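In what follows, a single structure is set out as structure tokens and then discussed.
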Amino acid sequence: MRCSVRNPLRNVLAVVLILCACLSATERQPNAAYRARREALAAKTKGLVLMFAPTEASAGDAIYGFRQDENFYYLTGISDPGAALLIASASEATANAPARAYTEILFFPAQNAQQERWTGPKLNPKTANVTGITGFDRVQQIDTMRDEIAKLTVGGAVIYTDLGAKSAGAEPLEWLKRANGFTTARLQELRPFMGQLRVIKDAGEMDLIRKATDASTAAHAAVMKFMKPNLTEREVAALFQYEFSRRGCERPAYAPIVGTGFWGTVLHYSENSNTIAAGDLVVMDVAGEYSMYASDITRTLPANGKFTPRQREIYEIVLAAQKAAEDAFQVGVSAMRGPNGLHEVAAKYINSHGKDKNGQPLGQYFIHGLGHGVGLNVHDPGDGQPFKPGSVFTLEPGIYLPDEKLGVRIEDMYWVNPEGKLVKLSANLPSSVEEIEKIMASNVPAASAAPKGKSKK
Ligand code: GLY
Ligand code: MN
Ligand code: MN
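The sequence shown begins at 2 in the working numbering and counts up one residue at a time.
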């Protein structure tokens, strides 16, 4: 049967379909939001910025999944591999160089129909309405980059770029050097500027962080109702991933940690291969990523739904340490570390409450930092300054007692709102002993031991 849609409309539909394929994997903020970030970066650097997205090959083979470089995504909202970005701040004429207007150019590789058979349609310089889609007035083929750099650096300039050894730009920078692309320019590290910008989240970013957090708290709530002895850690990790994925997360924000008993005292345990025993505490540090934005949440549950007196004692010290840090928070004054640091507040609380089995204070068992920024990365770059409105971070005290096979971590997501108030983004997920025991009271015991799971330490 012949399609009755007239040609122009069919073309529009085709463009929409290609667009969906290229851009719909993630929710994108309006183009103006990304443009504002590029302009802010140009104003800060007062030079050129050169940035590369990884290629599918440099990101590993596409069978392992492609994830866009975070700084590139922050400035463009574009997920396509192999792209590049050149920004030049406006500058006045000098004795050596003519005046320069603010300039931004997005580069794509030429269309590669053969590759697209393997990994799907990608934006390219000839994509219909590519300027409207991307919000860049100039979208060019990547092999024009060398000449554009030369034009923008007449008379000398500093080019800020990611100089990390394994950065996506390592190879193209080497190529540009060999091709004399930087004869009039000096390369300097871009990353500190990106940290300064990324530390303050705008309203669109907050929308995505909230979605990541809501999906993740819903997953934790589902696991609270599911947890019981004889499950494997892997089954629990799988349920988390199912629950946050069905709420729109594209992947876990980090390797899910489900550690039972002794394994709950191992900070970066993610093998998730043990079987959960009655009487264990289970540390579950699991959260999803929504449209590139992370969440980061930990709850610790008694496998059989009831804390022992010792588990409860340690758990309540950790929870109170988190509350002490929340209460100490002052916008513009508190940082994570340092003399006004929230870490100190939580560490002091832990060290002055409870004892280990030898009668020693518990401070030595809080072996990691209290928290970190969260955004496009679960450990987002920051500026080391006191928290300002727009900061997003975790508070995650923990006590780890390997000798007692007992680990507790409680981790929540926080945002400093425009009024400077600390808002707990994951507040809808219970964390008190009473609430957790109440939710778990109706859990049905597992019918039989799980088929696999390595023997426990
Ligand atoms: N989930 C990683 C962390 O808590 O820092
Ligand atoms: Mn964390
Ligand atoms: Mn975590």
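Note that CB positions come from ideal geometry on N, CA and C, so glycine has one too. None of the values given here were measured: they were computed from a predicted structure.
When the Cα of residue 82 is compared with those of 413, 70 and 325, which residue comes out closest?
-> 70
Simplified DSSP state of residue 362, which is helix, strand or coil = Residue state, collapsed to three classes: strand.
Which class does residue 217 belong to by DSSP, given the choice of helix, strand or coil?
-> Here residue 217 sits in helix by DSSP.
To which residues does DSSP link residue 471 through a beta bridge?
-> Residue 471 cannot be examined here, being either before or after the span of the chain that is shown, 2 to 458.
Identify every residue that forms a DSSP beta bridge with residue 258.
-> 286
Under a Cβ-count criterion, where at least 16 other Cβ atoms within 10 Å of its own Cβ denotes burial, should residue 442 be classed as buried or exposed?
-> exposed
Regarding residue 297 and ligand 2, is the C-beta to nearest heavy atom distance less than 7 Å?
-> Indeed, a heavy atom of ligand 2 lies less than 7 Å from the Cβ.
Which of helix, strand or coil does DSSP assign to residue 445?
-> coil
One or two residues paired with residue 244 in a DSSP bridge | Paired residue(s): none; residue 244 is not in a bridge.
N-terminal and C-terminal residue of the beta strand (DSSP E) that residue 42 is part of = For residue 42, no beta strand (DSSP E) encloses it; the enclosing alpha helix (DSSP H) starts and ends at 32-46.
Label residue 23 either buried or exposed according to how many other C-beta atoms from any shown protein chain fall within 10 Å of its C-beta, with 16 as the threshold for buried.
-> Legend: pLDDT at residue 23 = 45, less than 50; position of this residue unreliable, no value from coordinates given.
Of the residues 271, 32, 232 and 219, the one placed nearest residue 246, counting alpha carbons only = A check of alpha carbon separations from residue 246 across 271, 32, 232 and 219 identifies 219 as the nearest.
At least 3 beta-carbon pairs within less than 8 Å: the region 41-52 vs the region 183-200 = Enough Cβ pairs lie closer than 8 Å, so yes.
Confirm, please, whether the CB-CB distance from residue 109 to residue 143 is below 8 Å.
-> yes
Below 8 Å CB to CB, which residues in the same chain sit around residue 378 once its five sequence neighbours on both sides are set aside?
-> So the qualifying residues of the chain are 71 and 295.
Flag residue 284 as yes when its Cβ comes closer than 7 Å to any non-hydrogen atom of ligand 1, and as no otherwise.
-> no
Outcome for residue 180 when other beta-carbon atoms lying within 10 angstroms are tallied against a minimum of 16 = exposed
Looking at C-beta atoms only, is the number of pairs between the region 408-419 and the region 388-398 that lie closer than 8 Å three or more?
-> Flag = yes, the region 408-419 and the region 388-398 touch.
The region 145-155 in contact with the region 128-137 per 3-pair CB rule at 8 Å = Fewer than three beta-carbon pairs drawn from the region 145-155 and the region 128-137 are found closer than 8 Å, and the two stretches are therefore not classed as touching.
Beta-carbon gap between residue 213 and residue 250 smaller than 8 Å | A contact, by the Cβ cut-off of 8 Å.
Residue closest to residue 373, alpha-carbon to alpha-carbon, out of 400, 354 and 336 = 336
Taking residue 127 as the reference, which of 116, 371, 121 and 139 has the closest Cα?
-> 139
Should residue 10 be labelled buried (16 or more other beta-carbon atoms within 10 Å of its own) or exposed?
-> Confidence at residue 10 is low in this model, with a pLDDT of 43, below 50, so its placement is unreliable and no value can be given for it.
Between residue 204 and residue 427, what straight-line distance do the alpha-carbon atoms span, to the nearest angstrom?
-> Cα to Cα, the separation comes out at about 17 Å.
If we count the other Cβ atoms within 10 Å of its Cβ and call it buried at 16 or more, is residue 382 buried or exposed?
-> buried
Assign residue 353 to buried or exposed, taking buried as 16 or more other Cβ atoms, counted over all protein chains shown, within 10 Å of its Cβ.
-> exposed
Beta carbon of residue 282 nearer than 8 Å to that of residue 299 | no
Ordered along the chain, which non-local residues of its own chain (more than five positions away) have a Cβ less than 7 Å from that of residue 226?
-> 440 and 444
Cβ-heavy atom distance, residue 412 to ligand 3, below 7 Å = yes
Leaving out the 5 sequence neighbours to the left and right, which residues in its chain are closer than 8 Å to residue 419 when beta-carbon positions are compared?
-> 390 and 391
Start-end ranges of the beta strand (DSSP E) lying completely within the region 351-410, minimum 3 residues | Complete beta strand (DSSP E) runs here, min 3: 393-396, 399-402 and 407-410.
Which residues share a DSSP beta bridge with residue 150?
-> Partner(s): none; residue 150 has no beta bridge.
Drop a sphere of 10 angstroms on the beta-carbon of residue 162, count the other beta-carbons inside from all chains shown, and report buried for 16 or more, exposed for fewer.
-> buried
If you measure from the CB of residue 395, is any heavy atom of ligand 2 nearer than 7 Å?
-> yes
What's the C-alpha gap between residue 96 and residue 45?
-> CA-to-CA, the gap between residue 96 and residue 45 works out to about 23 Å.
Using 7 Å as the cut-off, classify the Cβ of residue 269 as near or not near the heavy atoms of ligand 2, replying yes or no.
-> False, no ligand heavy atom lies under 7 Å from that Cβ.
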